[in-house]
Amino acid sequence: MGRAIVENDFIILDQQAPLVEGEFCGGCPQRFVGERRVEPDGNGTSGIMIVGDSPWKDEVRLGKPFAGAAGAFLDKHIFRRLGVKRQDFTLTNSLWCRPPYLNWTDRGGPEVAEALMHCTPYLDQLISRIRPKVIIAMGNVAMRRLVGVDGVMKRQAYVHDSRYGIPVIPTLHPSFIMQDNHKYTPAMYFAFRRAQEIVEKGGFDRLPVTYSLDQTLPDVEKYMIEQGYSVDLPLAVDIETPESDKIPEDSDELEEKAGQTIVRCGLSWRPGTAVTFPWTEPYISWLQGLLARQRVVVFHNKSFDLPRLERYGVMVSGRVYDTMWMWHFLQSDLLKSLEFVAPFYTDLAPWKHLNNGQPDLYNAIDNDATIRLFYKLKEWLEKQKRWERFEAHCVEADRILTRMGKLGVMVDVQARDTMQQSLRQDIARLDGEIQGLVPNSILPRKVLKTDRTIKGLPPEERAKWESYTARCDCSLQPDGTYSTPSPKCRRCKGSGLTTLWRTSMRFNWNSTEQVKELARAKGLKIPLKRGEDREALEAKTLKQFGKRHQVFLNILHARQSQKLITTYDWPLNAEMRATTVYGFHPSTWRKSSRSVNLQNIPKRNDLAELFRRTLIAAPGHKLVEADSAAIEAVLVGYAAGSARLIRLAKAGVHDWFMSHVRASRDGGRGIDPNLPYPELVKACAEAKWYDKHLPAHEQIREACKRCIHGTDYGLTPYGMADEYPDEFPTKKIAAEMQEMYLGLLPEIREWMRTTRERAEWQTYLDNHYQYRHYFFSVFKWDSQYNRWVLGNDGKRCIAFVPQSDGSAIQTEDLLTLDTIEGVGDWLRLIIHDSFVLEVPDSEIEYACQTLYNVQSRPRPELGGLTIGSEVKVGSNLADQEVWHP
DNA sequence: GCTATAGGCGCC
DNA sequence: AAACGGCGCCTATAGC
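If you want it as structure tokens, here you go:
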């Protein structure tokens with residue numbers, strides 16, 4: 016039996032593996048616990064050596080590196096796809112042991128590499144004996160051992176020089192990828208392709224570079240002429256801000272939180288070139304002139320750089336490309352930072368660590384990398400015949416979206432103040448009631464270790480504190496027990512007892528922990544979060560608990576009110592408008608809205624109407640909202656190749672389904688799906704009307720709707736009952752309804768099956784507008800039950816096509832609307848399946864008709880499919896009246 | 001005091 | 001066995 020050396024996930028030796036206790040691993044200077052010697056495998060004829068972590072259970076048992084699951088993964092996703100055999104490589108472990116003084120959180124560095132070297136001299140011996148042409152380091156441990164640096168995610172796929180004179184390419188460890196990180200599979204595949212290429216070419220050379228670092232302006236201009244700069248060439252631009260290095264790894268996150276100050280800027284127009292200069296005169300004025308003339312400008316993440324440049328009066332008038340979106344169009348679910356993307360398309364060595372030491376060089380390489388990405392990504396998109404689509408759906412659409420986002424939506428500030436006032440009063444009242452209903456015993460307590468603070472307080476404040484006697488910390492042992500108190504202790508003077516002060520704080524109903532405590536105190540059982548092993552006290556449970564204890568309803572209402580005040584208290588510009596930045600962040604190429612998010616404006620909640628009334632049109636204007644009717648339901652029908660389902664989705668599939676559910680319960684017959692369309696629409700409308708006028712407890716439309724929406728995206732009966740207990744009191748009831756739905760429309764189940772199979776064997780799916788999404792874990796092998804089960808992508812791949820087609824349709828409409836006289840200027844919001852426009856009163860009819868025409872036109876990409884349009888008009892977002900064509 | 005994460009919840 | 005896809009933003013909390 017092995018034993019844990021250090022108590023964390025890195026060091027614990029596997030308990031089932033046979034270990035040789037107490038032996039030393041080669042020249043290891045430290046005592047360690049055991050080794051599991053596993054001899055290298057493979058004949059190495061490919062010239063590539065694969066170095067892994069230390070041996071794990073299966074590897075020790077079988078005496079082979081990369082045995083077991085990790086090996087199977089390599090076989091399936093790498094060796095088979097490359098058309099090579101495992102035996103062609105040299106496979107080995109980087110360690111035979113886990114050195115006891117090494118911790119998972121240790122940073123790499125020469126000393127760590129040195130220590131590891133001592134532990135595993137056999138690896139050096141093996142490398143000298145085999146002389147591989149390239150080494151692939153799998154995972155952080157192997158990378159640290161071979162190149163002495165840490166952080167494999169930031170260095171994967173880069174070619175590293177090593178002390179062996181052999182290029183080392185780090186990649187992620189298969190066991191990491193297999194732990195719900197399947198999206199990184201292509202990154203590993205790339206590392207192998209890159210290794211093969213180096214072997215084929217007989218070595219690895221980097222493109223020579225010449226950069227102009229902080230030269231005088233005349234020298235910069237001279238350099239640019241020498242290096243072939245032209246106003247007609249795409250020009251990469253990248254700025255640095257003082258906080259640049261604090262932006263998280265996936266750099267598109269939190270971009271708005273970084274400072275607005277620019278400290279440096281750089282340019283590049285050809286691979287291997289770059290100028291970089293400090294953000295001072297004369298460079299700023301010079302850059303203003305340059306970017307005003309440049310025909311094409313390239314950024315990596317323009318929503319970071321462009322607003323900051325504009326703040327300094329540097330305007331870009333040319334066409335703007337964003338390499339981040341180009342990459343995202345190719346690989347929609349991988350990280351978007353320049354650092355992550357660069358190795359796939361350039362020969363650059365890692366450079367991000369230069370940020371502090373050599374900021375000039377750092378910025379120069381940023382620019383060089385960006386221009387290289389531009390050309391390579393363009394080449395790939397053209398090769399896939401997707402460049403035109405990218406130009407339209409990203410570059411063109413982005414122009415419109417940027418304009419829309421900057422205009423935003425007008426807020427009635429006075430109405431908002433009034434609403435917030437009233438909400439605050441509600442919260443105060445609810446809070447008072449809640450505090451009165453919470454037992455003292457569960458109030459959070461604050462403890463003071465000395466009475467100094469208390470003595471200084473005014474009497475009425477002091478009254479809130481109570482003193483109590485506790486054991487003095489001077490005798491507290493690390494294990495939580497108390498030993499003999501020290502006579503020298505200044506606080507207890509050897510008595511072991513001391514006086515502390517405590518006070519009860521107010522109950523914080525925003526704290527999930529405190530509300531859970533309250534529920535427990537009331538003897539309530541908190542349900543587990545679906546699919547997880549933890550208690551969760553969400554709104555639906557608060558509602559449930561509220562039936563017996565008013566306090567939980569009060570908490571729910573107080574939270575809802577507070578959410579409306581905080582989340583939706585948007586900062587406004589001088590025109591009293593809330594603005595946003597649209598992006599393409601979702602992997603489905605839906606559009607996102609950030610800072611502020613204008614795509615989650617309350618709609619169904621009790622307070623929604625109140626809030627929506629504060630979103631108004633400017634004087635003399637109206638807000639026109641146009642929704643694509645049931646768009647995803649229609650698109651599911653189209654994807655499933657079911658004319659019947661398309662017809663039903665348009666006519667009202669919820670009502671049609673409801674009629675069948677009702678028929679099965681009460682006898683009679685459901686609506687015939689083959690009725691002529693007008694009759695079908697009429698029958699559905701009647702069914703809906705009928706349901707609506709039944710007593711509330713007999714209404715079933717909501718349940719039918721939930722069932723359809725959920726089932727279309729893989730919701731199980733368990734999930735239905737869990738999520739909507741009011742509609743589905745038991746799992747059985749949910750299962751019956753789902754069965755009936757799938758029984759009436761078997762093509763849905765068939766579509767899901769074929770979609771999953773195609774996603775699995777292609778490893779990707781395309782929508783009908785050339786959007787692509789990769790999937791590497793549609794199915795996974797359940798070794799415990801010996802069968803295939805749905806993997807991480809099993810449901811995601813079902814959602815992709817309808818969701819992304821929906822977004823593509825919206826983008827098509829956006830592009831069309833923008834070309835129509837006047838209409839483009841009125842665009843304000845996009846919310847996945849709808850537009851909001853701010854239209855002058857005199858143009859309302861024209862705008863409504865235009866929106867209707869555009870949204871309901873046939874879609875050639877979908878075989879002429881049409882989707883319904885519902886247009887509404889009002890002076891605010893709450894009071895909207897339906898417009899009839 | 002700051003940052004990262006977890007839990008929760010608004011939308012389609 | 002696991003249990004609904006895609007987002008962005010807020011508060012509380014914990015760790016530094």
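In my numbering, the protein residues as written are 16 to 900.
From the three backbone atoms N, C-alpha and C, an ideal C-beta is built for every residue, glycine too.
Bear in mind the structure is a predicted one, so any value in this text is a computation, not a measurement.
Local Cβ density within 10 Å of residue i, reported as buried at 16 or more and exposed below that
i, result
"Ser-143", "exposed"
"Thr-910", "The structure shown has nothing for residue 910, since the chain only spans 16 to 900."
"His-712", "exposed"
"Asn-382", "buried"
"His-408", "buried"
"His-708", "exposed"
"Trp-15", "The question about residue 15 has no answer here: the residues shown for the chain are numbered 16 through 900."
"Asp-584", "exposed"
"Arg-521", "exposed"
"Pro-189", "buried"
"Pro-761", "exposed"
"Met-434", "buried"
Contact check, residue i vs residue j, beta carbons under 8 Å
i, j, result
"Ile-882", "Ser-643", "yes"
"Arg-404", "Tyr-653", "no"
"Val-149", "Ile-184", "yes"
"Arg-160", "Leu-187", "no"
"Val-676", "Ile-715", "yes"
"Asn-848", "Gly-889", "The residue you asked about is not Asn; residue 848 is Asp in the sequence shown. No. Outside cutoff."
"Asn-807", "Ser-819", "no"
"Leu-369", "His-315", "no"
"Ser-318", "Ile-386", "no"
"Val-530", "Leu-515", "no"
"Ser-490", "Gly-511", "yes"
"Val-696", "Ala-666", "yes"
"Ile-661", "Ser-674", "no"
"Tyr-779", "Tyr-789", "yes"
"Cys-280", "Ile-240", "no"
"Ile-824", "Ile-646", "yes"
"Ile-65", "Met-193", "no"
"Ile-277", "Pro-147", "no"
"Ala-718", "Glu-853", "no"
"Arg-221", "Asp-362", "yes"
Helix, strand or coil at residue i according to DSSP, with G and I counted as helix
i, result
"Cys-487", "coil"
"His-343", "helix"
"Gly-821", "helix"
"Ala-593", "strand"
"Arg-76", "helix"
"Met-16", "The predicted position of Met-16 is uncertain, since its pLDDT is 22 and thus under 50; a value taken from the coordinates is nonetheless stated next. It is coil, neither helix nor strand."
"Cys-409", "helix"
"Cys-863", "helix"
"Val-816", "helix"
"Val-224", "coil"
"Ala-206", "helix"
"Gly-83", "helix"
"Tyr-360", "helix"
"Thr-513", "strand"
"Ala-893", "coil"
"Pro-900", "coil"
Sequence-distant residues of its chain with Cβ nearer than 6 Å to residue i (five each side left out)
i, result
"Leu-388", "Thr-338 and Tyr-360"
"Leu-877", "Tyr-653 and His-783"
"Ser-347", "Ser-602 and His-788"
"Lys-703", "Asp-670"
"Pro-900", "Tyr-867"
Neighbourhood of residue i by C-beta, 8 Å cutoff - its chain only, sequence neighbours within 5 removed
i, result
"Ile-748", "Ala-736"
Cutoff 7 Å; reference residue i; Cβ partners in own chain excluding five residues on either side
i, result
"Lys-100", "Phe-94"
"Tyr-915", "With the chain represented from 16 up to 900, any question about residue 915 goes unanswered, as that position is not in the structure."
Residues that DSSP places opposite residue i in a beta bridge
i, result
"Arg-902", "The chain is shown from 16 up to 900; residue 902 falls before or after that span and cannot be answered."
"Ala-641", "Phe-850 and Val-886"
"Asn-108", "Gly-67"
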